[in-house]
Each structure stands twice: as structure tokens, then as C-alpha cells.
Amino acid sequence: MEQHSFDITRVLLAAALAGGAMISLILGTAVGVYARPTQRTNAIIMAFGTGALIQALSIELAMKGAHRLETEALLSGVDAWMWVASGFLLGGLIYYLANKWLEKRGAAVRHPALAKFYYLRQKQKDSGILLNQLSKVELVRSLPPEEMDGVLTCVEPIDVSEGEVLFRQGEPGNALYLIDSGTIDIINDADGERTVIATLGAGQSFGEMALLNSDRRTATAVAMEQSRLLRIGKDQFDALMEISPGLRKAVEALNSRRILQNVQNLRGERDTQHWKKVAASNINRLSRAEELTYMKKSVTAGNPLALFLGAMLDTIPESIIIGAGFYALESYSFTFLLAVFLSNLPEAMGSSMNMLEAGFSKAKIFGLWIGLVVAGIIAAALGNIFLLDAPATVISFVEAVAGGGILAMLASVMMPEAYEDGGAEVGLATIVGFLSAMFFTLW
Numbered sequence: 002m003e004q005h006s007f008d009i010t011r012v013l014l015a016a017a018l019a020g021g022a023m024i025s026l027i028l029g030t031a032v033g034v035y036a037r038p039t040q041r042t043n044a045i046i047m048a049f050g051t052g053a054l055i056q057a058l059s060i061e062l063a064m065k066g067a068h069r070l071e072t073e074a075l076l077s078g079v080d081a082w083m084w085v086a087s088g089f090l091l092g093g094l095i096y097y098l099a100n101k102w103l104e105k106r107g108a109a110v111r112h113p114a115l116a117k118f119y120y121l122r123q124k125q126k127d128s129g130i131l132l133n134q135l136s137k138v139e140l141v142r143s144l145p146p147e148e149m150d151g152v153l154t155c156v157e158p159i160d161v162s163e164g165e166v167l168f169r170q171g172e173p174g175n176a177l178y179l180i181d182s183g184t185i186d187i188i189n190d191a192d193g194e195r196t197v198i199a200t201l202g203a204g205q206s207f208g209e210m211a212l213l214n215s216d217r218r219t220a221t222a223v224a225m226e227q228s229r230l231l232r233i234g235k236d237q238f239d240a241l242m243e244i245s246p247g248l249r250k251a252v253e254a255l256n257s258r259r260i261l262q263n264v265q266n267l268r269g270e271r272d273t274q275h276w277k278k279v280a281a282s283n284i285n286r287l288s289r290a291e292e293l294t295y296m297k298k299s300v301t302a303g304n305p306l307a308l309f310l311g312a313m314l315d316t317i318p319e320s321i322i323i324g325a326g327f328y329a330l331e332s333y334s335f336t337f338l339l340a341v342f343l344s345n346l347p348e349a350m351g352s353s354m355n356m357l358e359a360g361f362s363k364a365k366i367f368g369l370w371i372g373l374v375v376a377g378i379i380a381a382a383l384g385n386i387f388l389l390d391a392p393a394t395v396i397s398f399v400e401a402v403a404g405g406g407i408l409a410m411l412a413s414v415m416m417p418e419a420y421e422d423g424g425a426e427v428g429l430a431t432i433v434g435f436l437s438a439m440f441f442t443l444w
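Quick note: to get our numbering, add 1 to the position in the sequence shown (first position is 1).
Structure follows, in C-alpha cells:
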């Protein structure tokens with residue numbers, strides 16, 4: 002293998018090429034922040050870039066890496082494949098583990114598709130806690146578990162102070178309450194005498210029949226200490242029934258027979274577990290309002306460094322490959338460079354719009370992507386310095402690891418996002434991108 006002496010001009014050119022490929026991050030940010038293109042337009046461009054990048058990874062990276070191992074390291078075809086395959090698998094695993102760690106620290110917001118998936122998991126986790134509490138209320142447990150996704154939107158956590166009256170005897174019933182923590186006394190005020198008829202604690206409920214009708218309260222409820230309750234208001238519940246025939250039918254059936262009191266305890270416990278399982282399995286939708294709520298929570302609690310590291314995880318491997326493969330302009334294949342440019346453009350557009358909705362300022366958004374471009378330029382320079390003259394096994398393996406990370410990012414982020422926003426047409430756009438990159442390879 003020919004050895005190349007250190008050449009500052011060559012290193013700077015490699016860095017400049019990476020900067021040229023990554024400048025589309027800033028262009029995409031400007032378009033996303035100021036022009037606000039439609040999701041469909043962004044999806045088509047993203048699919049095109051994905052197709053081009055897949056071609057570049059398979060031909061420019063994987064095949065050329067295997068060929069390098071066969072001709073320079075004198076490995077057999079199978080051994081060369083194993084070497085490249087192990088690198089791709091390791092890169093994909095590194096991306097998966099690092100991304101899982103970073104998304105828990107606020108980095109999920111950088112990709113709309115990744116963010117939606119993460120927020121849905123958060124909703125399912127939060128819903129599981131609520132369902133576990135609500136399953137203790139027989140009336141709620143008697144509702145169809147398939148409808149609980151909507152019912153959960155009616156649940157309102159409230160805090161009450163010691164001595165606070167929740168409702169008085171004789172008032173119209175307007176809500177069901179479940180005690181999360183604290184103590185509530187149920188008091189009978191009949192005949193001018195105050196008699197405590199029940200003292201309720203965590204996990205117990207009261208006011209159930211208010212969801213079925215507007216009968217007047219038969220007792221007064223008073224908080225005996227600082228308490229946290231879950232409240233399901235009748236108005237919200239009635240509004241939900243207007244758009245849910247299945248829920249309305251179940252409530253009407255309950256109202257006709259009130260609540261069944263003759264269920265065996267053992268079967269009741271078994272039914273409770275089954276009800277929770279079915280209800281949890283139906284928490285599979287995320288409204289736009291819920292998405293924005295989780296997004297803002299994530300931004301508030303998130304670590305800006307995690308967001309930056311997550312974005313670096315998506316882009317730095319590309320820069321390393323660009324730098325490691327550059328020796329001279331006349332011998333350099335620009336296919337991978339073009340594919341990176343095209344894939345970065347829609348990625349930055351979608352991410353910037355998502356971050357803007359999450360509450361990030363335009364200055365912070367531009368600062369993030371400019372910082373990434375600088376980091377990419379540095380990574381390309383380092384890749385050129387340390388990898389250009391590395392043994393064939395080392396350079397091929399490092400490129401394969403980087404390629405595995407890029408491919409994992411395409412499969413988990415860009416492809417799902419493109420399909421979700423663009424529909425079936427993105428398949429054609431992906432093919433066109435693949436063929437366009439192939440044309441540049443053969444040209």
C-alpha cells in the first residue's frame with residue numbers, strides 16, 4: 002500500500018469537502034425555519050436522499066471496502082465479507098445503544114419520527130400508571146378497555162389542602178375521584194349532625210355514580226390532610242361519549258343495572274388484570290396536543306448537550322468516511338459526498354421545524370447545526386490524518402462501523418419519517434435517489 006506523507010493542503014481539502022456536504026444542514030435549517038415547507042415535500046426530498054445514501058453505503062462503502070480487503074489485505078471473499086459485516090453490525094449496535102441513552106436525556110426531539118415514537122412510549126408508560134390506579138374503581142373497570150385511551154384524556158390530577166371540601170351533601174354530582182395519596186373523610190350531614198361514615202385512603206375512590214347520572218351527592222367529602230386526587234369530570238366524560246358509541250353503549254348498560262355487586266373476589270382480580278392488559282394494549286395513538294405537551298416537557302427537562310451529541314451521532318460518521326477516503330480531487334468519487342448533502346437537507350428541515358415547535362429559539366437551532374458543521378469538518382480532517390494511510394483492515398473496518406451507524410439511522414429515523422409524511426410515493430422517490438447515485442458512480 003502506497004504511503005502518503007502528511008499534507009496540510011490535502012487535509013484542508015478533505016475538511017472542505019465535508020463542510021460542503023454538511024452545509025446542507027444549515028440550508029435545510031434556513032428553509033425549515035423560514036420557508037416552512039409542507040411535510041410531504043420534505044418527505045419526498047428525504048426519500049430521495051435516503052435512496053442515494055443507501056446506494057453510496059452499499060457500493061461506495063461496503064463493496065469498495067470488501068474489494069480493498071481482497072486486493073490489499075489478500076483476504077478471501079468470505080473473510081472480506083465477514084470483516085465488513087462485523088463492522089456494519091457493530092456500528093448499528095453502537096448507534097442503537099447510544100441513541101437509546103441520549104433520547105432519554107432530551108435528544109429525541111432532533112427527529113420528528115424518533116420524537117413521536119419516544120413520546121408515544123412515554124404516554125404508554127404514564128398511561129400504565131394511571132390505568133393501574135383506575136383499575137381499582139369498579140365502575141371504570143366496567144368500561145370497555147378498548148375505549149380507555151380516550152377516557153384517560155378526561156383524567157385530571159388535582160391537589161387539595163387539609164380541610165378543603167370537595168363537594169357537599171345535596172350538590173349535583175359532577176365528577177369521580179380516585180385518591181392517589183392522602184385521606185378523605187366522607188361525612189353525612191343529615192339532621193344537622195356531622196357523622197363520618199367512611200375514611201378513605203390511597204387507592205380508594207368516591208363519587209363514582211356521578212359519571213352515570215347527575216344525582217345529588219348523598220354525603221360531603223372533606224380532605225383530612227394534603228392529598229393528591231385523580232378527577233374524572235362528568236362534562237369531559239359526556240363529551241367523550243358523544244364521539245364514542247362503544248363507550249356510550251357501555252355506560253347505558255351500566256346505568257340500567259348500576260354496578261354489579263355479586264362478582265367473586267377471585268374473578269374480580271383476574272378480570273382486573275385482563276382489563277389493564279387490554280386497556281394498555283390500546284394506548285397506541287398520540288394526538289398532536291399530546292405530542293406538543295410531551296415535546297415541551299422533554300425540552301424543559303432535556304440536556305442541550307445530549308441533543309448536540311445525538312445530532313453528532315447522526316452526522317459525524319459521514320464526515321469520517323469523507324475524510325478517510327480523500328487523497329486527491331481528480332481521483333475522488335463524489336457520489337457519497339452528494340448522497341450526504343441530499344440526505345442532510347431534509348433531515349435539517351424536519352428537525353428544525355420540530356425544534357421550533359418544541360420552543361427552541363432560532364438562534365439555538367442555527368447554533369446547533371453550525372456547531373455540527375464545525376464538528377464534521379474537524380472529524381473529516383482527523384479521518385484524513387489518521388486513516389488515509391491505515392492498513393486496509395483498519396480503514397475498511399472503521400468505514401464499515403461508520404456505515405453501520407448511518408444505515409441504522411436511515412432505517413430507524415429517515416425511512417419511517419418519509420413514509421409517514423409522504424405516503425407510498427416515497428418508494429418511487431427512494432428508487433430515483435438510488436439510481437441517481439448509481440449514475441454518478443458509473444459516470
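From the three backbone atoms N, C-alpha and C, an ideal C-beta is built for every residue, glycine too. Since this is a predicted model, take the numbers as computed values, not measurements.
Backbone CA spacing between residue i and residue j [nearest angstrom]
i	j	result
residue 334	residue 442	7 Å
residue 316	residue 21	13 Å
residue 182	residue 360	33 Å
residue 38	residue 422	12 Å
residue 167	residue 188	11 Å
residue 93	residue 210	54 Å
residue 1	residue 228	Nothing about residue 1 can be reported from this structure: the residues present for the chain run from 2 to 444 only.
residue 387	residue 327	12 Å
residue 302	residue 124	With a pLDDT of 48 at residue 302, under the threshold of 50, the modelled position of that residue is not reliable, and no figure is offered here.
residue 336	residue 323	11 Å
residue 172	residue 217	5 Å
residue 438	residue 365	33 Å
residue 398	residue 8	24 Å
residue 339	residue 105	32 Å
residue 61	residue 278	48 Å
residue 66	residue 78	11 Å
residue 11	residue 17	10 Å
residue 262	residue 243	Legend: pLDDT at residue 262 = 42, less than 50; position of this residue unreliable, value from coordinates given subsequently. If I take the Cα positions, the gap works out to 28 Å.
residue 138	residue 431	51 Å
residue 418	residue 410	11 Å
residue 27	residue 234	48 Å
residue 87	residue 250	57 Å
residue 414	residue 83	26 Å
residue 126	residue 36	36 Å
Presumed contact (8 Å Cβ cut-off) between residue i and residue j, rounded CB distance
i	j	result
residue 49	residue 343	6 Å
residue 208	residue 174	6 Å
residue 230	residue 161	6 Å
residue 314	residue 91	Residue 314 to residue 91, Cβ: 14 Å. No contact.
Close-in-space but distant-in-sequence residues of the same chain around residue i (CB under 6 Å, 5 per side omitted)
i	result
residue 318	403, 406 and 407
residue 46	347
residue 320	19, 377, 380 and 381
residue 165	224
residue 25	342, 345 and 346
residue 178	207, 208, 230 and 232
residue 197	186 and 188
residue 141	135
residue 63	85
residue 190	170 and 221
residue 384	321, 324 and 325
Own chain partners of residue i with C-beta closer than 8 Å, once the 5 adjacent residues on each side are dropped
i	result
residue 80	70
residue 131	153, 156 and 231
residue 435	52, 53, 55 and 56
residue 158	181, 229, 230, 231 and 232
residue 357	33, 34, 363 and 366
residue 184	200, 201, 202, 224, 225, 226 and 228
residue 95	402, 405 and 406
residue 236	175
Other residues of its chain near residue i: CB distance less than 7 Å, five sequence neighbours each side excluded
i	result
residue 195	188
residue 58	404, 407 and 408
residue 416	51
residue 40	422
residue 400	62, 66, 322 and 325
residue 427	44, 45, 48, 419 and 420
Can you list, in chain order, the stretches of the alpha helix (DSSP H) that have 4 or more residues and sit fully within the stretch 45-125? 65-72 and 78-104
When you compare the stretch 90-105 with the stretch 304-318, are there three or more beta-carbon pairs, one atom per stretch, that lie closer than 8 Å? yes
In chain order, what are the residue ranges of uninterrupted alpha helix (DSSP H) at least 4 long that sit wholly in the stretch 390-418? 393-410
Give a yes or no on contact between the stretch 148-160 and the stretch 198-205, applying the rule of three or more CB pairs nearer than 8 Å. no
Please specify which runs of the alpha helix (DSSP H), each continuous and at least 4 residues long, are wholly inside the stretch 335-382, giving them in chain order. Complete alpha helix (DSSP H) runs here, min 4: 336-358.
Report yes or no: do three or more beta-carbon pairs, one from the stretch 61-79 and one from the stretch 382-394, lie closer than 8 Å? Yes: at least three Cβ pairs fall under 8 Å.
Three CB pairs or more closer than 8 Å across the stretch 350-364 and the stretch 18-32: yes
Tell me whether the stretch 51-67 and the stretch 368-380 touch, counting them as touching only if at least three CB pairs, one residue from each stretch, are closer than 8 Å. Verdict: no, contact absent.
Secondary structure, beta strand (DSSP E): runs of 3+ residues fully inside the stretch 183-208: 185-189 and 196-201
For the stretch 418-444, which segments carrying the alpha helix (DSSP H) assignment without a break, of at least 4 residues, lie completely within its bounds, in sequence order? 427-443
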